[in-house]
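One structure is given below, encoded as C-alpha cells.
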Amino acid sequence: MRVGILYSRIRKDEKLLLNELRERGHEVEKIDVRKERFGLESTTANVDDLDIVVDRCLSTSRSLYATEFLDSYGVHVVNSPETGDVCADKAKNSLALAEADVPTPATEVAFTAEAALEAIESFGYPCVLKPVVGSWGRLMAKIDSRNAAEAILEHKETLGHYEHKVFYIQEFVDKPGRDIRVLAVDGEPVAAMTRTSDHWLTNAAKGGETKSFDLDERATELVERASEAVGGGLLGVDLMEVGGAGSGEYTVHEVNHTVEFKALDAASEVDVPAEVVDWLEAKVAAAADGEEVAP
Amino acid sequence: MTSDTDTLLAEDPITGEEIELPADVEVGEIIDSPVTGTELEVISLDPVVLEEAPELEEDWGE
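Those protein sequences? They're chains Y and P, same order as listed. Once you know that position 33 of the first sequence is 33 in my numbering, the rest is easy, because the numbers rise by one and skip nothing. In my numbering, each number is its position in the second sequence, counted from 1, plus 1000.
This is the structure in C-alpha cells:
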C-alpha cells in the first residue's frame, strides 16, 4: 500500500512506524506539513494515489487543519479530523466521554477568574486546573489552597492566549501513584502500561516509570467505549484506578489522538508498530473492498 | 560525509564539532547532539546538514 505520513518532526515513534512500513514493502510518502500549502481544492503535498495518510503531527493546530483539508479532498486520513477535534480539546474530550456514560473526572469550565474561583471552591482542595489544549503535563496545576488558586488564576489571565481564559477545572483523583495508558485501534487494545511517579503527574513525558499492564474486562470495555465516544482511530486512552490499585474501577481522564508509543513499545512485550501497521493494512483492505471504513 | 557503513558524520551546528549519526537517519528526524544534548533536526542527507530543532511550542504533544 501507499502510506502518507503527516509530520513536522520524526521522533522515535515515527521512526518505528516508518521502519515497520518499509520492512513490509509499503511505499511511504513523508509529508512535512511545514513545507506544504493546503488550498480549498488541492494541496502542494503529494497525496495522489495514497491509500491512507497517518497524521503524526506534533503540533495540534497543524494536525487539526491538515487532516481537515486532506479529508475534504477525499483522502483517507487517520485519525479523522472529527476524532482530532474532540481529542485535542480537553473540554470536548470530557463532554464526549460523559455523553457516552464513560466514567470521567467531574469537570467544570469557567470563563473568568471569578467564576473559576467559585468552581475551585466548590470542588474543594486539592483540585486540578488544566489548559484546554496542551499535552505532556504542561501548565497543569494541582491547587491546594485558595491562595494558590488566586495566584494561578491571576497568572493564567496574563498569559495572553485566549485559551488560557478558558478555565478547565477538575476534581483531583487520588490515584495510587500511577495511571494507565492504553494504545487502542478502533477500540481494540493493542498494549497497556502503567506510569508510576511520586509526583502527582505521572506522564511518561514527565519521567513517570513505565511498566506493562494487563487490562481486565472492565478496563477493556471502557477503552472500547472511550474510543467509540471520540470517533475511533489510533488512540491513547488514559485511565486512573479509583479506590486503589487493582480495585477494578476506573475513570477515563483523556483520549489522545496523535498517540506516542515508544514508551509503550519498550515497556510491553507487544510489537506496537507492527500492530499499528496491521491495523493500517486492514483499514486499507476494508476500503478497497468497499466496506464502510470506521474513521 | 561518510565514515563507514554504520554511521554518518556531520557538523554540529552549535559547536562546529564533527559528530556521528546512525547511517539510517532520515530527513526530519530529531537527534540529540552528543556534544551538547541539544535537539537537532536533520535537514538534508546529501550532504548531511543539521540545524537546531525548533523549540517546544505550546500546542505540541499527543
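For each residue, glycine too, the CB sits at the ideal point set by N, CA and C.
- Within the DSSP bridge table, the entry for Y/PRO189 names Y/ALA184 as partners.
- Contacts between P/GLU1017 and chain Y, judged by CB atoms closer than 8 Å, are missing: the closest CB pair is about 23 Å apart.
- When 7 Å is used as the limit between beta carbons, P/ILE1030 is near these residues of chain Y: ARG9, ILE10 and ARG11, in chain order.
- Taking 8 Å as the upper bound for CB-CB distance, Y/ALA184 and Y/LEU235 are in contact here, some 5 Å apart.
- Y/SER61 has a beta carbon lying within less than 7 Å of a beta carbon in chain P.
- Spanning the alpha carbons of Y/GLU150 and Y/ALA110 requires a straight line of approximately 14 Å.
- Contact of Y/SER135 with chain P by beta-carbon distance below 9 Å involves ASP1059, TRP1060, GLY1061 and GLU1062.
- Here the C-alpha atom of Y/GLY137 lies approximately 21 Å from the C-alpha atom of Y/ASP265.
- Between Y/GLU260 and chain P, the shortest Cβ-Cβ separation is below 7 Å.
- Burial state of Y/ASN147 is exposed, judged by a 10 Å Cβ sphere holding fewer than 16 other Cβ atoms.
- Inclusion of Y/ALA106 and Y/VAL132 in the CB contact set at 7 Å is not warranted, their separation being larger than that value.
- Taking each of Y/ASP214, Y/ASN256 and Y/ARG225 in turn and checking the Cα distance to Y/GLY246, the smallest one comes out for Y/ASP214.
- Per DSSP, the beta-bridge partners of Y/MET240 are Y/THR251.
- With its beta carbon at least 7 Å from every one in chain P, Y/ASN93 lies outside the interface.
- The distance from the Cβ of P/LEU1021 to that of P/THR1007 is about 6 Å, consistent with a contact at the 8 Å cut-off.
- Within the same chain, LYS206 come within 7 Å of Y/HIS199 by CB-CB distance, once the 5 residues on both sides are set aside.
- For Y/CYS57, the secondary structure class from DSSP, reduced to helix, strand or coil, is coil.
- Taking C-beta separations shorter than 6 Å and ignoring five residues to either side along the sequence, the partners of Y/ARG218 in its chain run GLY248, following chain order.
- Within chain P, no C-beta atom comes nearer than 9 Å to that of Y/LYS175; the closest sits roughly 19 Å away.
- Residues of the segment 47 to 76 of chain Y with a C-beta atom less than 7 Å from some C-beta of chain P are LEU58, SER59, THR60 and SER61, listed in chain order.
- For the segment 8 to 65 of chain Y, the full-length beta strand (DSSP E) segments reaching 3 residues or more read 27 to 32 and 52 to 55 along the chain.
- Residue state for Y/TYR162 is assigned as helix, using DSSP reduced to three classes.
- Boundaries cannot be given for P/THR1036, as no beta strand (DSSP E) includes it and DSSP labels it neither H nor E.
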